[in-house]
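Asks: Below is a structure I'd like to ask you about.
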Amino acid sequence: MQPDFPKTHKFVGIDLGMKTLATLDNGLKIANLDVTYEESMIKKYQKRLSNKEYQSNHYKDTQKTYWKWVDRKKNKINDYYHKITTEIVKKYDIIILEDLNIKGMFQNPHSSRKLQRIGWKKFVEMLKYKARIYGKTFRQVSRWYPSSKNCSNCGYYNKDLKLEQTQWKCPQCQKTHDRDINAGKNILKQGLIDLIDETMNLWDRGDSTVILLSWKSTSP
């Protein structure tokens with residue numbers, strides 16, 4: 025059994041994205057890993073395979089090289105995600121993300137290839153199981169929650185926000201938002217509300233295992 029990471033009494037809301045892997049509510053942006061070279065080599069040897077006689081010695085040699093590059097890409101992504109997720113779980117006691125419909129997104133031909141490269145599912149699963157084994161709290165807010173369109177400062181709902189807009193100014197409080205940071209802040213707020221509701225429901229049922237958590241801001 026893994027020993028728990030020390031408690032930090034910090035919490036974080038994380039917005040996942042296409043251009044940026046993850047944006048934290050405090051403004052930290054985690055870049056997507058560049059695997060374009062590995063992908064170009066995979067494509068190169070995949071093309072060579074199609075020109076070889078099936079099961080010939082040349083075919084088998086090319087196939088070995090092809091799988092070498094597939095494994096290299098996979099290992100590079102795994103190493104990157106392990107380092108990032110371990111750091112997040114070490115630093116924060118409560119980690120909150122959106123419950124994205126990743127399976128549904130893969131059905132969109134315009135985004136499926138990009139999603140395959142990013143590997144959101146792997147990233148989320150790593151955070152989830154590491155939070156569990158190291159004694160941290162992992163939660164996901166509803167996929168229907170409008171995290172990008174709500175002003176995290178005053179709560180105004182911007183129904184006209186376009187997908188391509190990376191920044192917007194709230195017409196009610198005049199606060200200018202980075203779309204992803206604003207989403208991270210809203211995800212955090214909604215996640216904490218959900219946790220409080222969950223705790224109150226446990227109290228109502230007389231559950232004696234409820235633990236009160238001490239929280240503080242993660243802003244730099």
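If you read the sequence shown in this note's numbering, its first letter stands for residue 25, the second for the next number, and so on.
Cβ coordinates follow ideal geometry from the N, Cα and C atoms, glycine included.
What does DSSP give as the partner residue(s) for residue 181 in the beta ladder?
Replies: 174
Asks: With 16 other CB atoms within 10 Å as the buried threshold, where does residue 85 fall?
Replies: exposed
Asks: Which ranges would you report for the beta strand (DSSP E) in the segment 43–95 if only whole runs of at least 3 residues count?
Replies: 44–48 and 53–55
Asks: I need the straight-line Cα distance from residue 130 to residue 41, nearest angstrom please.
Replies: Model confidence at residue 130 stands at a pLDDT of 49, short of 50, so the residue's coordinates are unreliable; what they give is reported in the following sentence. Straight-line Cα distance between these residues: approximately 14 Å.
Asks: Beta-carbon within less than 8 Å of residue 97's beta-carbon, same chain only, minus the 5 sequence neighbours each way: which residues are those?
Replies: Taken in chain order, the residues that qualify are 59, 62, 63 and 66.
Asks: Does the segment 206–222 come into contact with the segment 31–47, if we say contact requires no fewer than three beta-carbon pairs (one atom in each stretch) closer than 8 Å?
Replies: yes
Asks: So, are the CB atoms of residue 182 and residue 193 less than 7 Å apart?
Replies: no
Asks: For residue 81, count the other beta carbons within 10 Å of its own beta carbon; 16 or more makes it buried, fewer makes it exposed. Which is it?
Replies: exposed
Asks: Assuming residue 156 is part of the alpha helix (DSSP H), what are its boundary residues?
Replies: 144–157
Asks: Should residue 102 go down as buried or exposed, given a rule of 16 or more other Cβ atoms within 10 Å for buried?
Replies: exposed
Asks: Mapping DSSP to helix, strand and coil, what is residue 215?
Replies: helix
Asks: In terms of alpha-carbon separation, which member of 179, 155 and 55 lies closest to residue 143?
Replies: 55
Asks: Rounded to a whole number of angstroms, what is the C-alpha to C-alpha distance between residue 145 and residue 198?
Replies: 36 Å
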